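Protein chains in written order, with this note's numbering: chain A, 1 to 256; chain B, 1 to 638.
Heads up, the beta-carbon is just placed ideally off N, CA and C, and yes, glycines get one too.
None of the values given here were measured: they were computed from a predicted structure.
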């Protein structure tokens with residue numbers, strides 16, 4: 001594996017009691033690459049993401065982020081390294097506005113303490129303004145101006161997904177993990193989301209791992225694909241080649 | 001007679017811009033909300049940006065008389081592009097943002113545009129897809145880089161790049177910009193405005209600098225908005241002559257401060273923040289505002305509903321007195337004040353109308369009920385009558401309120417009525433003909449009068465009443481005439497009806513209607529009455545919804561002459577859509593087209609059918625096609 005890889009995973013094993021979730025998964029993500037992870041339900045896709053950002057601790061195997069081992073690290077440490085993610089079931093502060101959610105995500109970049117923040121004067125105020133600028137850029141980028149001051153809990157599902165992507169971006173990530181960013185969206189929302197993902201990749205060059213079921217979306221955005229089935233990597237390559245791979249067909253459609 | 005107005009000091013918009021930049025350069029000319037903050041541009045900034053953009057385009061090959069098409073949302077860049085073109089002696093051409101690539105191609109081809117200034121990736125993609133078919137088109141300039149980072153073509157430049165080229169070009173040729181402005185005169189064509197085209201292909205009406213400068217100067221003087229610092233929110237499409245007159249010329253000539261919304265979706269919020277004094281809404285927009293209020297009140301708490309209805313009753317009584325020019329006694333003044341404090345003040349603020357002073361409605365008929373409603377709130381809507389070709393023809397003057405009329409003709413316009421009832425206009429501020437179409441221009445003239453194609457009459461006290469388009473009047477089998485539009489605007493006054501087309505004809509003895517329910521408001525109604533539904537089509541055919549619409553039509557029928565009453569109607573299974581050419585881009589109904597398209601439905605209405613199976617082709621935004629199958633009920637109104 002080349003030195004330019006942002007993320008390298010080797011021989012990852014994860015089991016809950018007797019249940020084997022991941023059995024020796026190897027994969028890597030190159031700089032500026034969008035890697036799609038696909039597979040049937042229960043293949044271990046979300047667990048893989050959970051291992052990367054430290055929610056789960058794998059029993060065996062290594063995860064290296066920019067050369068640094070992170071498989072024994074806590075989630076908040078991994079987040080500070082610049083790995084940020086979105087969740088399949090949307091994890092936002094539903095009682096706060098879009099703007100407040102994004103500002104909260106800037107928290108890891110805020111240096112002033114609680115005392116200065118409470119006084120809200122001088123350096124703390126300047127810091128707030130600087131972070132607000134970053135957040136406003138993201139609002140502009142994801143076209144969320146009209147919902148800026150809306151409470152997240154009141155927003156439609158598709159918009160909330162977009163806010164979550166915004167929240168992930170607000171952390172200035174160096175690797176983005178997107179867990180089913182298009183689930184439950186209509187065609188138009190999916191197209192918007194695909195465009196945003198491509199724009200993020202083009203403008204910021206952030207490498208991404210995207211877990212998704214919608215093949216058309218993957219065809220549009222991903223540069224490479226990894227197929228998991230029962231915790232095993234069964235194929236890897238370009239999606240148009242993979243759909244002809246007999247192993248992949250078997251995993252999705254079953255044995256003849 | 002109104003007092004004569006002095007002439008403006010300049011004869012072209014570029015001269016006005018230069019004058020303002022040198023005299024009151026530090027004052028705010030434009031304001032735009034960006035990244036959540038209102039940012040101001042002074043007259044000096046305005047002029048500087050125009051100068052750099054203009055010189056940049058000149059150095060890239062723009063010459064006198066060349067056409068510059070502009071396609072984008074309302075933003076300062078739109079205005080800069082237009083003024084930059086005009087400073088170089090060029091002509092600006094406005095194109096609506098929601099036009100398809102094919103429509104854009106028609107406008108660019110017909111106008112012989114050599115430059116296009118485009119907003120963002122969406123517009124640029126359209127332009128690039130047709131660029132090969134447009135040999136005259138040299139450069140595409142965009143002002144929002146988002147999504148365009150990877151586009152690398154010599155004919156595609158960002159506005160910033162062009163301005164930088166212009167700045168350097170200006171250093172080499174320091175006097176060129178002023179010389180170009182000095183060469184301009186009132187007779188120069190400033191603008192091509194394409195008519196929205198309820199019939200046939202759009203034609204480009206040529207508007208001169210004189211039309212924009214003098215016409216707007218006199219108009220703003222008559223209506224009292226010719227002073228610096230009056231707030232205006234620019235959100236009607238600049239491709240429309242009205243925004244040209246109010247936003248672009250209104251700013252430069254009358255001195256309005258022009259504010260731009262952050263996004264089209266935030267207009268309502270931004271309206272409230274700015275509280276503009278001058279407002280120009282299409283009739284449809286007033287209808288929308290009204291139905292939103294009605295729907296919100298229905299949703300509100302009983303106490304609020306009670307207060308609203310009491311206050312509105314007071315407001316309407318006061319409005320009636322004002323219309324009749326009867327004095328208000330102390331009693332009514334007190335009640336009016338209370339109603340204002342209790343309801344109207346907050347309501348006006350919510351609607352962004354808290355400071356509205358000069359308020360127009362244009363682009364179609366407006367129900368007198370709506371005029372009365374807003375008058376009750378203390379807002380005097382003026383029924384504007386004019387068009388791109390005729391300019392401003394007639395507006396009620398301050399203090400002369402008539403809910404049904406467009407007031408007396410303006411001092412510069414002369415109005416006559418032909419034998420058939422068509423409105424004929426002669427005006428000092430007319431367009432300069434259709435671009436490359438002298439035949440169409442000549443057809444519009446009759447004995448020196450411009451034939452408006454509108455049906456109307458003048459009352460005994462000289463007020464102009466505009467009823468409908470000539471071609472849209474319909475005859476019934478008995479030989480009696482009626483105006484479908486007259487009924488339609490009254491139908492649209494109902495919060496539950498978004499659109500309607502009223503049908504009759506020489507072979508038909510009754511009037512019928514195709515109704516578009518208002519999805520939002522009927523949806524709320526359904527929710528409140530526990531009526532389950534899936535799609536628009538499904539909701540529209542629910543018996544409770546049909547009853548609701550029947551009630552609404554019954555109410556309207558009472559105000560109509562016996563022969564013009566609606567006897568049968570259907571709720572349509574889909575909304576009228578500009579993408580399917582059922583509405584024009586300014587949301588006017590394309591009657592002939594719609595009647596043709598729904599001929600099978602209309603025939604069924606007159607064929608004593610109870611139920612109609614429909615299979616309608618629909619076109620999605622992205623051009624894909626689909627089919628809806630559903631069955632529609634024919635409903636009787638007693």
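| query | result |
| --- | --- |
| Cβ-based neighbour list, residue 210 of chain B, same chain, cut-off 8 Å, excluding 5 preceding and 5 following | 11, 186, 187, 429 |
| Under 8 Å from the C-beta of residue 273 of chain B: neighbouring residues of chain A | Chain A residues near residue 273 of chain B: none, gap ~12 Å exceeds 8 Å. |
| DSSP beta-bridge partners of residue 432 of chain B | None; residue 432 of chain B has no bridge partner. |
| Of the residues B:384, B:118, B:603, B:558, the one placed nearest residue 638 of chain B, counting alpha carbons only | B:558 |
| Proximity to residue 491 of chain B [Cα-Cα], best of B:203, B:517, B:174 | B:517 |
| Contiguous beta strand (DSSP E) assignments of at least 3 residues, all confined to the region 484 to 557 of chain B | 497 to 503, 511 to 517 |
| Spatial distance of residue 1 of chain A from residue 224 of chain A (CA atoms) | At residue 1 of chain A the pLDDT is 44, less than 50, meaning the model places this residue with poor confidence; the figure from the coordinates comes in the next sentence. Using only the alpha carbons, I get a separation of about 16 Å. |
| Continuous alpha helix (DSSP H) assignments of at least 4 residues falling wholly in the region 1 to 50 of chain B | 13 to 23 |
| Contact residues within the region 138 to 159 of chain B, judged by C-beta distance below 9 Å to chain A | 146, 147, 149, 150 |
| Unbroken beta strand (DSSP E) run spanning residue 169 of chain B, endpoints | That residue, residue 169 of chain B, is in no beta strand (DSSP E); its alpha helix (DSSP H) goes 159 to 172. |
| Nearest-angstrom beta carbon gap, residue 116 of chain B and residue 69 of chain B [assumed within contact, 8 Å] | 5 Å |
| Burial state of residue 45 of chain A (16 or more Cβ within 10 Å) | buried |
| is_contact[residue 100 of chain A, chain B] using C-beta, thresh 7 Å | no |
| Simplified DSSP state of residue 70 of chain A, which is helix, strand or coil | coil |
| Nearest-angstrom Cα separation, counted from residue 625 of chain B out to residue 500 of chain B | 24 Å |
| Separation of residue 168 of chain B from residue 239 of chain B, as counted between CA atoms | 31 Å |
| Interface partners of residue 15 of chain A on chain B, CB under 8 Å | The premise fails here: residue 15 of chain A is roughly 44 Å from chain B at the closest Cβ pair, so nothing lies under 8 Å. |
| Unbroken stretches of the beta strand (DSSP E), 3 residues or longer, contained in the region 328 to 400 of chain B | 358 to 362, 381 to 383, 385 to 387, 391 to 394 |
| Within-7 Å CB hit, residue 136 of chain A to chain B | yes |
| Candidates B:528, B:184, B:235: closest to residue 299 of chain B by CA position | B:528 |
| CB contact check: residue 534 of chain B to chain A, cutoff 7 Å | no |
| When A:26, A:67, A:31 are compared against residue 48 of chain A, the one with the closest alpha-carbon | A:26 |
| Euclidean distance between Cα positions of residue 201 of chain A and residue 176 of chain A | 10 Å |
| Residue 611 of chain B - DSSP class collapsed to helix/strand/coil | strand |
| 7 Å CB neighbourhood of residue 467 of chain B in its chain, flanking five on each side removed | 455, 456, 483, 486 |
| Residue 410 of chain B burial status per 10 Å Cβ neighbour count (16 or more: buried) | buried |
| Nearest to residue 160 of chain B (by Cα), restricted to the options B:121, B:174, B:202, B:52 | B:52 |
| Any chain A beta carbon closer than 7 Å to residue 266 of chain B | yes |
| Sequence-distant residues of the same chain with beta carbon closer than 6 Å to residue 368 of chain B, five excluded per side | 403, 404 |
| The region 124 to 140 of chain B / the region 94 to 108 of chain B touching (three or more Cβ pairs under 8 Å) | yes |
| C-beta neighbour in chain A for residue 527 of chain B, strict 7 Å | no |
| Same chain only: Cβ atoms within 7 Å of residue 220 of chain A, ignoring 5 sequence neighbours per side | 194 |
| Length-filtered (4 minimum) alpha helix (DSSP H) runs lying within the region 127 to 209 of chain A | 157 to 170, 187 to 204 |
| Burial state of residue 154 of chain A (16 or more Cβ within 10 Å) | exposed |
| Chain B within 7 Å of residue 201 of chain A, Cβ atoms only | no |
| For residue 93 of chain B and residue 592 of chain B, the rounded distance between their alpha carbons | 28 Å |
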